[in-house]
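**Q** The structure that follows is given in the form of structure tokens.
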Amino acid sequence: MWLSSILYMMHQYVYFLIFFNICTSYTNTVNTQTKPYTVTNVATRTWTEAIILAKEFVAQMTLEEKCNMTAGVAGHCAGFVTPVPHLNFGGLCFQDSPSGVGDGIQFSTAFIAGIQIAATWDRDLFYQRAAAIGQEFRGKGVHFALGPMMNIDRNALHGRNWEGFGADPYLTGENSFYYVQGLQDQGVVATAKHYICNEQESNRTYHPKIGPSQGYSANLDDKTMHEIYLWPFAESVAAGAGSVMCAYNQVNGTQACQNSKILNDLLKGELDFQGNVMSDWGATKVGIQSALSGLDIEMPGQDGLMGYALLQAIRNGSVTEAKINDMVIRILAPYYLLGQDLNYPPVNLNYDVTRDHYLLNRQLGTAGIILLKNTNNTLPFNRNTDKYYSIYGSAASRYSDGVDPHGLDGLDGALYQGGGSGYVRSTYFIDPLTALLISARDFHLQIQYIIDQDDYVAINRSLENSGFLDGKCLVFINAWSSEGRDRHNLFAYHNGDNLVKTVAARCASTIVIVNSVSQLNLEAWIDNSNVTAVVWAGLPGPEYGQAIVDILFGNYNPGGKLVFTIAKNDSDYGTNITETYNSNYTEGVFLDYRHFDKNNITPRYYFGYGLSYTTFSFSTLIIAKISQENTNVHTSYRRRRISSYSNRALLKFYEPLYTITFIVTNTGNMNGSEVPQLYIGFPDEAAQPPKILRGFERVYLDAGESKKMTLALTSRDISYWNVINQKWIVASGKYTVWIATSANNSDIKLDGFFNI
Ligand code: BGC
1 MWLSSILYMM HQYVYFLIFF NICTSYTNTV NTQTKPYTVT NVATRTWTEA IILAKEFVAQ
61 MTLEEKCNMT AGVAGHCAGF VTPVPHLNFG GLCFQDSPSG VGDGIQFSTA FIAGIQIAAT
121 WDRDLFYQRA AAIGQEFRGK GVHFALGPMM NIDRNALHGR NWEGFGADPY LTGENSFYYV
181 QGLQDQGVVA TAKHYICNEQ ESNRTYHPKI GPSQGYSANL DDKTMHEIYL WPFAESVAAG
241 AGSVMCAYNQ VNGTQACQNS KILNDLLKGE LDFQGNVMSD WGATKVGIQS ALSGLDIEMP
301 GQDGLMGYAL LQAIRNGSVT EAKINDMVIR ILAPYYLLGQ DLNYPPVNLN YDVTRDHYLL
361 NRQLGTAGII LLKNTNNTLP FNRNTDKYYS IYGSAASRYS DGVDPHGLDG LDGALYQGGG
421 SGYVRSTYFI DPLTALLISA RDFHLQIQYI IDQDDYVAIN RSLENSGFLD GKCLVFINAW
481 SSEGRDRHNL FAYHNGDNLV KTVAARCAST IVIVNSVSQL NLEAWIDNSN VTAVVWAGLP
541 GPEYGQAIVD ILFGNYNPGG KLVFTIAKND SDYGTNITET YNSNYTEGVF LDYRHFDKNN
601 ITPRYYFGYG LSYTTFSFST LIIAKISQEN TNVHTSYRRR RISSYSNRAL LKFYEPLYTI
661 TFIVTNTGNM NGSEVPQLYI GFPDEAAQPP KILRGFERVY LDAGESKKMT LALTSRDISY
721 WNVINQKWIV ASGKYTVWIA TSANNSDIKL DGFFNI
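The numbering of the sequence shown is the UniProt record's numbering, which starts it at 1 and goes up by one.
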């Protein structure tokens, strides 16, 4: 009793400290420091231990039970694996989404979108977000979370870009890695999806009228497959992901879920993936062929393709019992890997698991906001002298019909997420207008607003109102997209560009806030001299209002960076969404900034770009080969990457070979953060784009402060995929090293090289 009271008090005190820390972080004049979010890891096992337990379990199952387990059954979750009562196994619950517990259930936190967390370029935040998401899945008793979603932003129109981590495989890979670790450290299995090359929604089920509908075919070469699309999946497998979801589309002419090359060879062979492959919902088109090609569990099942139907296949010799055993061991191994056999909470989907996660979510959302333009330091506003604000655009406010109108349709309000199975129903949403009105009350600001953006008479009239003539004009625009459909163009919704032009024609200090799922064409107004600042709010989650107020008024110094290039012309991206059966990835490895570099095309904003309210300088680049003595980097780097459930077979790729050390100084007079980005140029033998991202670290510096930073290049980072030898090879010759603040060559701050 006595001991438990003390423990209780300590527990409350820790909570108080966490709460106090997070709250105070928003009352500082300029906050950029990230506060570690406290997470508790649960007991996990190694793959070897887990597989032994799964084998013991399978040895006690009947053949019928084993077959039944290879297809989903009806249940409360999006997907459900059949229970085996006589072995005290209650089944497995699979549930969306990558950014929180979804599928319409209640009392979940709608965490910021994948595209937004990627824009923070902060691995600690990648991890903290995933850990909090994991806590919520666990709290509701969900065994497998259907995320991370890691398809590459190959084309700006893709409806699901917002769920993913942008256009670069390295950045996507780092996000995937820390997502898997954060989630699985809470005992929840991560499902890396959609494997592979699901980079468009159009025609994802191509021809519904000709028998079993098939997806479009993504056609690509071996080098592109390895270096761009497989890379992030390799990272999640290396992190120890328990499950991989195969996609709706075909890959080089064969349906992804029955494609032995990508499932048996690449995933289970080359990457030594020990977990299971589950099909996307309805992506299994045939049974036996899929099982033989590497599919382990068909979702949502109940269509007679796998499951009990495989019993007949075993009896007639088309599938062996050993094969079924392997499938079931793979289905169960992640359950043992993460200790789900030990006191896992029961499934209770509407159980309130939100805790105080809104505080972390607010921090994450703010950290992912990107400052694109800031003429003459328009931002941050000064609350003492900038007193008048005119606010325009339906995207500033709530949907007209509620916080959560349809989930699938982005309508007329500010967006906290995109649509489809990635969408999480929030318990609340604080829109920018609400937060700005509260600021007006607290700081004595005069505000007017017009939300009906078709009412140009009112908009024009408002600009002449007394006091507002020299005030600030905030124009909110947005663009929404969803699973199941791609965008038709890259313009802002609802004539948003016209709205900006109308306001900017009369208001000399127009600030545009862009709330978008992925790239947008900004050309209609970006060069207008009255548009003095542009803030890329992205998809900052339900704390959007608070986050944008913190940025506009300088409570938080913006430090997010673009995770894709923003082109001047839509055709500059060099890829398209196919309306036909074939999607040819003819650009190869020349995607996004790699394509702009190769073809010398100047975009509007470069990949990796983002401004701050302060300035930074860089000095003293030292490139060193890691020696036996230099074990410090070695061990800290490894410690950061390895957990008990990591995939051991891939470890040799992650041995650091070189360190890149340099000093960053905050030369301005505000605390702030910068993201030094490490790009490398390969020797010719590797046939690589001019420069490739291979490292980054977000560093938080007080005004005047300097920090020495060390980035490590691993064997994988400096290898290319050799299609002849079918191996990752370190090329011979000169490697150029650039430390830059974006993929723009004029943003290169330091350069050096090493020879191999
Ligand atoms: C989506 C998946 C999702 C699944 C289950 C599919 O339509 O493509 O991402 O996990 O549905 O809801």
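For each residue, glycine too, the CB sits at the ideal point set by N, CA and C.
Below 8 Å CB to CB, which residues in the same chain sit around ILE626 once its five sequence neighbours on both sides are set aside?
**A** Along the sequence shown, read from residue 1 onward, the residue named residue 626 stands at position 626. Within the same chain, ILE626 has close Cβ partners VAL633, HIS634, PRO656, LEU657, TYR658, THR659 and ALA712.
**Q** According to DSSP, is TYR544 helix, strand or coil?
**A** If you number the sequence shown from 1, residue 544 lands on position 544. In the structure shown, TYR544 sits in a helix (DSSP, three-state: H, G or I).
**Q** Three-state secondary structure (DSSP) at residue 757?
**A** Here the chain has residues from 1 to 756 only, and residue 757 is not among them.
**Q** Since GLY287 contacts LEU305 with CB under 8 Å, what's their CB separation in whole angstroms?
**A** Taking the sequence shown and counting its residues from 1, the one referred to as residue 287 is at position 287. Taking the sequence shown and counting its residues from 1, the one referred to as residue 305 is at position 305. Going by Cβ atoms, the distance from GLY287 to LEU305 rounds to 4 Å, so yes, they are a contact pair.
**Q** How is LEU522 classed by DSSP in three states: helix, strand or coil?
**A** Against the sequence shown, residue 522 aligns to sequence position 522. Looking at LEU522 - three-state DSSP - the assignment turns out to be coil, as it is neither helix nor strand.
**Q** Measuring CB to CB, does SER290 end up less than 8 Å from GLU579?
**A** As a first step, residue 290 is located in the sequence shown; it is residue number 290 there, counting from the start. As a first step, residue 579 is located in the sequence shown; it is residue number 579 there, counting from the start. No, the Cβ-Cβ distance between SER290 and GLU579 is not below 8 Å.
**Q** In this structure, how does DSSP classify THR714 when only helix, strand and coil are distinguished?
**A** Residue numbering aside, residue 714 sits at position 714 when the sequence shown is read from its first letter. THR714 falls in the strand class under three-state DSSP.
**Q** Determine, using beta carbons only, whether TRP353 and LYS501 come nearer to each other than 8 Å.
**A** For the purposes of this step, residue 353 is taken as residue 353 along the sequence shown, with counting starting at 1. For the purposes of this step, residue 501 is taken as residue 501 along the sequence shown, with counting starting at 1. Looking at the sequence shown, residue 353 is not Trp but Val. Cβ atoms of VAL353 and LYS501: not closer than 8 Å.
**Q** Answer yes or no: the CB of LEU146 versus the heavy atoms of ligand 2, is any distance below 7 Å?
**A** Although ligand 2 was asked about, the structure shown includes only ligand 1 as ligands.
**Q** Taking 8 Å as the threshold (C-beta atoms), are PHE94 and PHE107 in contact?
**A** Position 107 of the sequence shown, counting from 1, holds the residue named residue 107. Position 94 of the sequence shown, counting from 1, holds the residue named residue 94. Result no, Cβ atoms of PHE107 and PHE94 do not sit closer than 8 Å.
**Q** Just to confirm, is the Cβ distance from LEU661 to ILE622 under 8 Å?
**A** Taking the sequence shown and counting its residues from 1, the one referred to as residue 661 is at position 661. Taking the sequence shown and counting its residues from 1, the one referred to as residue 622 is at position 622. Checking the sequence shown, residue 661 turns out to be Thr, not Leu. The answer is yes: Cβ separation under 8 Å.
**Q** For LYS652, is the classification buried or exposed, using 16 other Cβ atoms within 10 angstroms of its Cβ as the cut-off for buried?
**A** Residue mapping note: residue 652 aligns to position 652 of the sequence shown, counting from 1. LYS652 comes out exposed.
**Q** Could you give the distance in angstroms between the alpha-carbon of SER25 and the alpha-carbon of LYS387?
**A** In the sequence shown, the residue the question calls residue 25 occupies position 25. In the sequence shown, the residue the question calls residue 387 occupies position 387. The predicted model places SER25 with a pLDDT of 34, which falls under 50 and marks its position as unreliable; any figure quoted below should be read in that light. About 25 Å.
**Q** Could you give the distance in angstroms between the alpha-carbon of ASN31 and the alpha-carbon of VAL277?
**A** Here the question's residue 31 lines up with position 31 in the sequence shown. Here the question's residue 277 lines up with position 277 in the sequence shown. Bear in mind that a pLDDT of 49 at ASN31, under 50, signals an unreliable position, so the number given afterwards is only what the model happens to contain. Answer to the nearest angstrom: the Cα atoms are 43 Å apart.
**Q** For GLY418 and ASN755, I'd like the C-alpha separation in whole angstroms.
**A** Taking the sequence shown and counting its residues from 1, one reaches residue 418 at position 418. Taking the sequence shown and counting its residues from 1, one reaches residue 755 at position 755. Going from the Cα of GLY418 to the Cα of ASN755 covers about 46 Å.
**Q** So, at 7 Å on beta carbons, what are the nonlocal neighbours of ASP592 in its own chain, with the 5 sequence-adjacent residues on each side left out?
**A** The residue labelled residue 592 in the question sits at position 592 within the sequence shown. Excluding residues within five positions, the ones whose Cβ falls inside 7 Å are ALA167, ASP168, PHE564, THR565 and PHE607.
**Q** Three or more beta-carbon pairs under 8 Å between the segment 688 to 701 and the segment 169 to 182, yes or no?
**A** With the cut-off at 8 Å, the segment 688 to 701 and the segment 169 to 182 touch.
**Q** Have a look at GLN214 and THR205 and give me their C-alpha separation to the nearest angstrom.
**A** Against the sequence shown, residue 214 aligns to sequence position 214. Against the sequence shown, residue 205 aligns to sequence position 205. Spanning the two alpha carbons is a distance of roughly 5 Å.
**Q** In the segment 167 to 194, which residue ranges form an unbroken beta strand (DSSP E) of at least 3 residues, counting only runs that do not cross its ends?
**A** List check, beta strand (DSSP E) in window: nothing returned.
**Q** Closest to VAL42 by CA distance: which of LEU338, PHE177 and MET69 is it?
**A** Numbered from 1 along the sequence shown, position 42 holds the residue referred to as residue 42. Ranking LEU338, PHE177 and MET69 by Cα distance to VAL42 puts LEU338 first.
**Q** Three-state secondary structure (DSSP) at TYR459?
**A** Along the sequence shown, read from residue 1 onward, the residue named residue 459 stands at position 459. One detail in the question is off: residue 459 reads as Ile in this sequence, not Tyr. ILE459: helix per DSSP, three-state reduction.
**Q** Measuring CA to CA, which of SER732, ILE739 and PRO542 is closest to MET709?
**A** Translated into positions along the sequence shown, residue 709 becomes position 709. Of the listed residues, the one whose Cα sits closest to MET709 is ILE739.
**Q** Are the Cβ atoms of MET149 and TYR195 separated by less than 8 Å?
**A** Here residue 149 refers to the residue found at position 149 when the sequence shown is read from its first residue. Here residue 195 refers to the residue found at position 195 when the sequence shown is read from its first residue. No, the Cβ-Cβ distance between MET149 and TYR195 is not below 8 Å.
**Q** Can you tell me the Cβ-Cβ gap for GLY240 and GLN184, rounded? I've got them flagged as a contact below 8 Å.
**A** By 1-based counting over the sequence shown, the position of residue 240 is 240. By 1-based counting over the sequence shown, the position of residue 184 is 184. Between GLN184 and GLY240 the Cβ distance is about 6 Å, and since that is below 8 Å, they are a contact.
**Q** By Cβ distance below 6 Å, which residues in the same chain neighbour TYR127 in space, the five residues on each side in sequence not counted?
**A** Position 127 of the sequence shown holds residue 127. These residues qualify, in order along the chain: TYR178 and GLY182.
**Q** What residue range does the beta strand (DSSP E) around ARG694 cover?
**A** For the purposes of this step, residue 694 is identified with residue 694 of the sequence shown, where counting begins at 1. Where ARG694 is concerned, the enclosing beta strand (DSSP E) stretches over 692 to 696.
**Q** Tell me whether PHE491 is buried or exposed, calling it buried when 16 or more other Cβ atoms sit within 10 Å of its Cβ.
**A** Position 491 of the sequence shown, counted from the start, is the residue given in the question as residue 491. The residue in question, PHE491, is buried, as its Cβ has 16 or more Cβ neighbours within 10 Å.
**Q** Compute the minimum distance between the beta carbon of ALA537 and the heavy atoms of ligand 1, and state whether it is under 7 Å.
**A** To locate residue 537, count along the sequence shown from 1; it is residue 537. False, no ligand heavy atom lies under 7 Å from that Cβ.
**Q** Apart from the five residues just before and just after LYS749, which ones in its own chain have a Cβ nearer than 7 Å to its Cβ?
**A** Along the sequence shown, read from residue 1 onward, the residue named residue 749 stands at position 749. If we look at LYS749 and ignore the five residues flanking it on each side, its Cβ neighbours are PHE618, ILE739, ALA740 and THR741.
**Q** In the DSSP assignment, find the unbroken beta strand (DSSP E) run with SER243 in it and report its ends.
**A** As a position in the sequence shown, residue 243 is number 243, starting the count at 1. Note, SER243: beta strand (DSSP E), 243 to 246.
**Q** Using the beta-carbon count (16 or more within 10 Å), is PHE273 buried or exposed?
**A** By 1-based counting over the sequence shown, the position of residue 273 is 273. Counting Cβ neighbours within 10 Å, PHE273 comes out buried, since at least 16 surround it.
**Q** Cβ of residue 764 versus every heavy atom of ligand 1: is any distance shorter than 7 Å?
**A** Residue 764 falls outside the range modelled here, since the chain spans only 1 to 756, and no answer is possible.
**Q** Report the rounded CA-to-CA distance for LEU445 versus LEU611, giving the unit in angstroms.
**A** Mapped onto the sequence shown, residue 445 falls at position 445. Mapped onto the sequence shown, residue 611 falls at position 611. When rounded, the distance between both Cα atoms is 26 Å.
**Q** Comparing alpha-carbon positions, which option in GLY752, ASP431 and ALA687 lies nearest TYR679?
**A** On the sequence shown, position 679 is the one that residue 679 refers to. Closest option to TYR679, Cα to Cα, is GLY752.
**Q** Check for me: the alpha helix (DSSP H) holding THR434 runs from which residue to which?
**A** Position 434 of the sequence shown, counted from the start, is the residue given in the question as residue 434. It spans 432 to 443 - the alpha helix (DSSP H) in which THR434 sits, taken as one unbroken run.
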